[in-house]
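Okay, structure first, notes after.
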Amino acid sequence: MSLPRTLLLTLRARAAETQLFTDETAARWADQLPWPDDLAAFLTPGFAASFAVRTRLLDARTDAFLTQHPSATVVELGAGLSTRPQRLGVDRARWLLLDLPEAVAMRQQVAQPDAHINVIEADLLHPDWAASLGASAPVLFIAEGVLLFLPPQGIGRLFGALGSAYPGARILLDAAGHGLRARQAQRFTTINAPLGWTVGGLADVEALGVTIRATW
């Protein structure tokens, strides 16, 4: 189960961050979950900083969306151990957190139930759940740190399903360049997390059928 292991990396990075934000929930969860030696060696200061910067950028965009659209629906794809609802305000949105059963099970070990948060078992590679998700407009989708581990053809199906079910919805995502694959693919393989989708430029993102409004 490589995906739940990678979730621990980003959780630890958020728990340790003190300059860009503080995440008390992540710190509490990190204390309750095992921390394998190979993951500890993998999480260098550089990787931890990159994870924290990514989270801060996506938090800022999400906060702006919720300010403009109170009581919106936020759908996190491959949410895993996301603590974004706790950082930004659980009661500011209806949060739908989607991930594989293994990741959901890990989350349930540490997370307390909350009426504003629905945790849903869903396979991003088989998005037949999209039409029945029940997300009320306005909808913001977030794909943080997950697309990198999906095969390109699977991402095409995912975005096609989301576009059909929720035309006009916003999505925040991070995309890794081909250079990261060249530099880091072997390293990710050592923790059983093979890399998938990477991009050569914005055209590869637009090919998913999205209109790019901003980059950072």
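Going by the working numbering, the letters in the sequence shown line up with residues 24 to 239, in that order.
All residues carry an ideal CB built from backbone N, CA and C; glycine is no exception.
Just so you know, these numbers come straight off a predicted model, no measurement behind them.
A Cβ-Cβ distance of about 5 Å is found for the pair Trp152 and Ala145, placing them in contact under the 8 Å criterion. Counting along the chain, Glu99 sits inside the beta strand (DSSP E) bounded by residues Ala95 to Leu100. Along the length of the stretch 95–143, whole alpha helix (DSSP H) runs at least 4 residues long occupy 107–111 and 124–133, reported in chain order. Asp54 and Asp86 have their C-alpha atoms roughly 27 Å apart.
Taking each of Arg37, Arg110 and Val127 in turn and checking the Cα distance to Gly103, the smallest one comes out for Val127. Within a 10 Å sphere around the beta-carbon of Pro108 sit 16 or more other beta-carbons, which makes this residue buried. Taking a 10 Å sphere around the C-beta of Asp82, we find 16 or more other C-beta atoms and assign the residue as buried.
For Phe88, the uninterrupted alpha helix (DSSP H) segment begins and ends at Pro68 to Gln91. A direct Cα-to-Cα measurement between Leu163 and Thr45 gives close to 23 Å.
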